[in-house]
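In the order they appear, the protein sequences are chains A and B. For what it's worth, this note's numbering labels the leading residue of the first sequence as 793, then goes sequentially. For what it's worth, this note's numbering labels the leading residue of the second sequence as 4, then goes sequentially. We put the beta carbon where it would ideally sit given N, CA and C, even for glycine. Heads up: the structure comes next, in structure tokens.
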Amino acid sequence: MSRYRILSHTADTGIVAVGATLEEVFENAAFGMFDLMFDLSLVPPEEECHVEVEGDDPAELLVAWLSALLTEADIRGLAFCRFRLEGLRSCCLSGGAAGSAAARLILRGPPIKAVTYHGLAVEETPEGWAARVIFDV
Amino acid sequence: MDFRRIGEVTWELAPEGGMRVPGRVFASASLFAKAEADQALRQVANVAHLPGIVEASFAMPDIHWGYGFPIGGVAATDVAAGGVVSPGGVGFDICCGVRLLASALREEDFRRRRVDIMGELDARIPRGLGKGAVAAKRLLDEVLERGAAAAVEAGFGVPHDLERCEERGTSAGADPGAVSARARERGSGQLGSLGAGNHFLEVQVVDRVEDPGAAEAFGLAPGMVTVMIHCGSRGLGHQVCTDYLADMGRAMNRHGISVPDRQLACVPVLSKEGEAYLGAMAAAANFAWANRHVLAHATREAVAAALGTSPAKTGMELVFDVAHNLAKVEEHRVGRYSRRLCVHRKGATRAFGPGHPALPPGLRDWGQPVLIPGSMGTASWVLRGLAGNPAFATAAHGAGRVMSRSAAKKTRGGREVMHDLEAEGITVRPGSVSLLAEEAPFAYKDVDAVVDVCARAGLAAPVARLRPIGVVKG
């Protein structure tokens with residue numbers, strides 16, 4: 793099963809990420825976000841980062857997690873390809889990502905500026921979990 | 004949704020549910036039908052829920068589905084009556100906007116030196132991700148405080164450029180202390196960079212003048228080569244919006260505010276959180292004014308290098324610089340009284356009419372230049388603001404997308420789009436060929452139709468039409 797599918801949006805872009813667990817859907821949403829910009833099969837996991845974020849519910853936590861990864865990637869000039877959630881609680885999470893320099897990669901989609909709350913959803917499904925998120929590009 | 008046509012190009016939704024004012028859209032029948040195709044009209048209704056909103060939740064003729072606000076959305080809230088500021092009404096790319104440079108070149112001059120000019124622009128305009136920037140990191144503090152004025156002092160451009168910038172290139176009330184360390188880190192290496200997506204630098208030629216008096220006052224003439232730059236506040240602005248949106252969810256609860264879309268999170272302008280956001284937003288806007296200013300400087304140097312002359316001899320005078328993602332406190336008449344309003348323009352351009360005191364003396368008789376970029380391969384327009392504008396002195400900001408990015412890619416590949424443009428005499432220097440497909444002309448509405456509605460609705464009057472001849476994209 794694919795980790796995510798692309799949502800159609802007139803101006804921006806979005807994904808529905810899926811996973812067997814809430815942790816997995818968070819990791820797959822992060823994968824989907826960077827996979828929209830780069831062909832992640834070409835990105836080696838050379839540099840790592842660690843993030844810790846807070847949020848009042850799973851949806852807020854998802855935005856905080858994805859936003860923190862975008863910020864790290866922008867500041868360090870990286871494209872992330874691997875994601876690992878270490879601790880997910882109702883109020884906060886910690887996790888890591890690994891990737892390599894973005895400047896030497898070809899963009900296959902527009903750079904994602906930010907993660908929006910518009911149409912945001914994190915839901916349990918018969919197959920596991922699904923997260924819907926729209927990005928500003 | 005029950006929008007009724009109340010004028011030739013005006014559609015209105017009466018308040019329903021929690022809407023505090025009507026929704027009002029300026030569009031022809033065909034543009035309105037395009038807006039009906041997605042969630043843009045629902046977003047017009049959602050914006051009408053904002054506390055303190057006055058008159059209507061407006062949408063410009065280039066309206067399309069955004070996040071929270073529609074792109075092309077305009078909302079003014081009454082500051083003294085508990086009116087709110089909503090970061091979603093500004094967007095992540097704070098003070099994204101457009102700058103237009105005139106030149107002493109004619110189209111035939113460009114055609115003769117096309118390869119040299121496009122080559123220099125290609126080499127000197129940083130774009131894409133992680134590709135560096137024109138200006139040094141040490142300028143950041145000054146730029147957050149004073150915008151384009153700080154860039155001029157650092158040797159970019161010339162002082163009289165500032166006359167031709169909205170707000171003179173400096174947003175008042177900037178509070179660099181309200182900008183997070185992470186936002187500063189994101190912005191520090193990006194001052195003087197274009198980004199990617201729908202941002203561009205375009206070489207154009209004035210192919211039609213509709214209003215010769217205004218065109219002359221703006222510094223435009225038929226056959227003149229111009230350069231248009233479209234970009235914003237880069238990662239710094241994106242981070243400011245991200246930071247404040249995260250905080251505003253909780254702040255909204257403290258103020259007892261609820262909105263139909265979390266992306267519309269808002270707080271009263273006259274609150275600790277509202278003032279902090281507006282201070283940070285103005286600092287990010289200053290980054291954007293300076294960013295376009297630095298890129299314009301690099302453009303002048305690139306053209307001069309290609310022609311073997313000095314930047315001053317290129318005749319590249321600034322026509323104007325406008326923002327189209329910003330919230331500003333302005334005085335406007337509401338009913339019989341003048342009120343201080345927080346005017347949100349999300350994908351919409353300020354368009355002050357003739358005589359407005361904010362305009363520089365040389366433009367005051369004509370109204371503010373309004374810059375409406377098309378897409379690659381289609382025209383862009385210069386308009387002028389009009390007295391009696393029905394939407395708090397606001398006009399459209401672009402052609403407006405009509406096709407999703409994935410649908411555009413399926414319609415035609417990046418290399419095909421590049422060939423199409425070259426066949427039309429438009430030289431393209433893309434950072435990524437693949438991205439060209441997403442920004443292809445067929446993904447956008449007809450910009451001429453958008454401008455026509457602006458004119459018929461009294462939003463702004465056409466001055467000159469610009470045809471693209473060269474495109475630099477991320």
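Item	Value
Since residue 894 (chain A) meets chain B, which of its residues come closer than 8 Å, beta carbon to beta carbon?	132 and 133
Compare the beta carbon distance of residue 469 (chain B) and residue 173 (chain B) with 7 Å and say whether it is the shorter of the two.	no
Would you check if the distance between the CB atom of residue 889 (chain A) and the CB atom of residue 871 (chain A) is smaller than 7 Å?	no
Among the residues of its own chain, which have a CB less than 8 Å from the CB of residue 868 (chain A), if the five just before and after it don't count?	839 and 841
Quick one: which chain B residues come within Cβ less than 7 Å of residue 801 (chain A)?	68 and 407
Should residue 49 (chain B) go down as buried or exposed, given a rule of 16 or more other Cβ atoms within 10 Å for buried?	buried
Any idea if residue 216 (chain B) is buried or exposed, counting beta-carbon neighbours within 10 angstroms, 16 or more meaning buried?	exposed
For a contact meaning CB atoms closer than 9 Å, what does residue 250 (chain B) contact in chain A?	Ordered by position in chain A, no residue passes the 9 Å Cβ test against residue 250 (chain B), which lies about 11 Å from the chain.
Which residues in the same chain as residue 433 (chain B) place their Cβ atom closer than 6 Å to its Cβ, once the five residues preceding and following it in sequence are excluded?	439 and 476
Straight-line CA distance for residue 44 (chain B) to residue 73 (chain B)?	8 Å
Taking only beta-carbon positions, decide if residue 796 (chain A) is within less than 7 Å of chain B.	no
So residue 149 (chain B) and residue 193 (chain B) are in contact, right, with Cβ under 8 Å, and what is the actual spacing, rounded?	So it is not a contact: roughly 18 Å between Cβ atoms.
Is residue 469 (chain B) helix, strand or coil by DSSP?	strand
Tell me, please, which residues DSSP counts as bridged to residue 328 (chain B).	B:349
By DSSP's criteria, residue 95 (chain B) is part of a beta bridge. Which residues make up the other side?	BP columns for residue 95 (chain B) are empty, so no partner.
Counting only C-beta atoms, is residue 904 (chain A) closer than 7 Å to chain B at any point?	no
Inspect the CB distances between the region 447 to 455 of chain B and the region 358 to 373 of chain B and report whether three or more fall short of 8 Å.	no
Report yes if the CB atom of residue 327 (chain B) is closer than 7 Å to the CB atom of residue 400 (chain B), and no otherwise.	yes
Report the residues of the region 424 to 442 of chain B with a CB closer than 9 Å to any CB of chain A, ordered along the chain.	434, 435, 436, 437, 438, 441 and 442
Pop quiz: residue 28 (chain B) and residue 62 (chain B) are said to be a contact at Cβ under 8 Å. What is the actual Cβ separation, rounded to whole angstroms?	4 Å
Going by the DSSP bridge assignment, what does residue 896 (chain A) pair with across the sheet?	Bridge partners of residue 896 (chain A): none, in fact.
Any idea which residues DSSP pairs residue 266 (chain B) with across the strands?	Beta-bridge pairing links residue 266 (chain B) to no other residue.
Listing by chain order, which chain B residues have their CB less than 7 Å from the CB of residue 856 (chain A)?	249
Please tell me whether residue 806 (chain A) has its Cβ less than 7 Å away from any Cβ of chain B.	no
When you compare only the Cα positions, how much space is there between residue 179 (chain B) and residue 286 (chain B)?	6 Å
Going by the CB atoms, is the gap between residue 169 (chain B) and residue 325 (chain B) shorter than 7 Å?	yes
In the region 906 to 923 of chain A, which residues sit with their C-beta less than 9 Å from some C-beta in chain B, listed in chain order?	906, 907, 908, 909, 910, 911 and 912
Do residue 11 (chain B) and residue 201 (chain B) have their beta-carbon atoms positioned less than 7 Å apart in this structure?	no
Give a yes or no on whether 7 Å exceeds the smallest Cβ distance from residue 381 (chain B) to chain A.	no
Short of 7 Å in beta carbon distance, which residues of its chain neighbour residue 303 (chain B), apart from the five on each side in sequence? Order them along the chain.	314, 317 and 319
Comparing the C-beta of residue 39 (chain B) with each C-beta of chain A, is any distance below 7 Å?	no
Which term fits residue 189 (chain B), buried or exposed, when burial requires 16 or more other beta carbons within 10 angstroms of its beta carbon?	buried
Use the C-beta contact count for residue 331 (chain B): other C-beta atoms within 10 angstroms, 16 or more gives buried, fewer gives exposed.	buried
With distance defined between alpha-carbon atoms, name the residue in B:195, B:241 and B:5 nearest to residue 39 (chain B).	B:5
State the Cα-Cα distance for the pair residue 361 (chain B) and residue 381 (chain B), rounded to the nearest angstrom.	31 Å
Taking only three categories from DSSP, how would you classify residue 850 (chain A)?	helix
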